[in-house]
Amino acid sequence: MNLSSALGKHFKDVNTGGNWTAVNLTEVLSGITWQQATQKVGSLNTIYTLVFHINYYVELQLRVLHGKPITGSDKKSFEHPQLTSQKQWEDFLTTVFGNISAMTKKIETLKEKQWGENFANSEKYGSYYRNIQGLIEHHHYHLGQIVLLKKLINNKFKED
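Here the sequence shown stands for residues 1 to 160, where the numbers follow UniProt numbering.
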């Protein structure tokens, strides 16, 4: 298996299952209502905010993989529109998982020589490998937060 196939699979697995952590974004978000997704727990980010943040970086890197420049900022990665209905939540998740599918395909088609090249043609961002591997790590990090938030929210609703 070459690096493009391996990292494409790794990215897909954190999102749809089959990774060694035995947790994935699809299953964790399954059954979450828009009210749960927007439920605040103390000063923590909401599930919606974290999913938006994850998707923000997928979209950012996907643009680069389509030959476009990086246009984004860390601050904007948490600035999302208000969510007020189940349909909006479901439409948003459709977009998120569509982006994940497109990103998986782009990763799998990267040429081996690209992995060591500068991402977005800039030394500032490091290599393609660093960025794609970082994106996968970023997913795992925030997925863990989402799992904990879901448990806290579900326990709160059971207590009420």
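Even glycine gets a Cβ: it sits at the ideal position worked out from N, Cα and C. Computed from a prediction, not measured in an experiment: that's the story for all the values here.
Assigned with DSSP and collapsed to three states, Asn-118 falls in strand. In summary, Tyr-48 is buried, with 16 or more beta-carbon neighbours lying within 10 Å of its beta-carbon over all protein chains present.
Pairwise C-beta distances place the stretch 87-100 in contact with the stretch 25-43, as three or more of them are shorter than 8 Å. Note: Ser-127 is bridge-paired with Asn-118 in the DSSP secondary-structure output. Counted as a single uninterrupted DSSP element, the stretch harbouring Thr-38 is not any alpha helix (DSSP H), since DSSP gives it neither H nor E. Contact between Asn-99 and Leu-62 holds: their C-beta atoms lie close to 6 Å from each other, under 8 Å. When secondary structure is reduced to three states using DSSP, Glu-90 falls in the helix class.
Leaving aside the five residues that flank Pro-69 on each side, the residues in its chain whose CB is nearer than 8 Å to its CB run, in chain order, Arg-63 and Ala-120. Distances from the alpha-carbon of Gly-116 to those of Ala-102, Met-103 and Gln-133 put Gln-133 closest. Under the three-state reduction of DSSP output, Gln-82 falls in the coil class, being neither helix nor strand. Residue environment analysis places Leu-110 among the buried positions, since at least 16 neighbouring C-beta atoms fall within 10 angstroms of its C-beta. For Ile-107, the secondary structure class from DSSP, reduced to helix, strand or coil, is helix. Under the three-state reduction of DSSP, Thr-16 is assigned to helix.
Met-1 and Ser-73 have their alpha carbons spaced roughly 34 Å apart.
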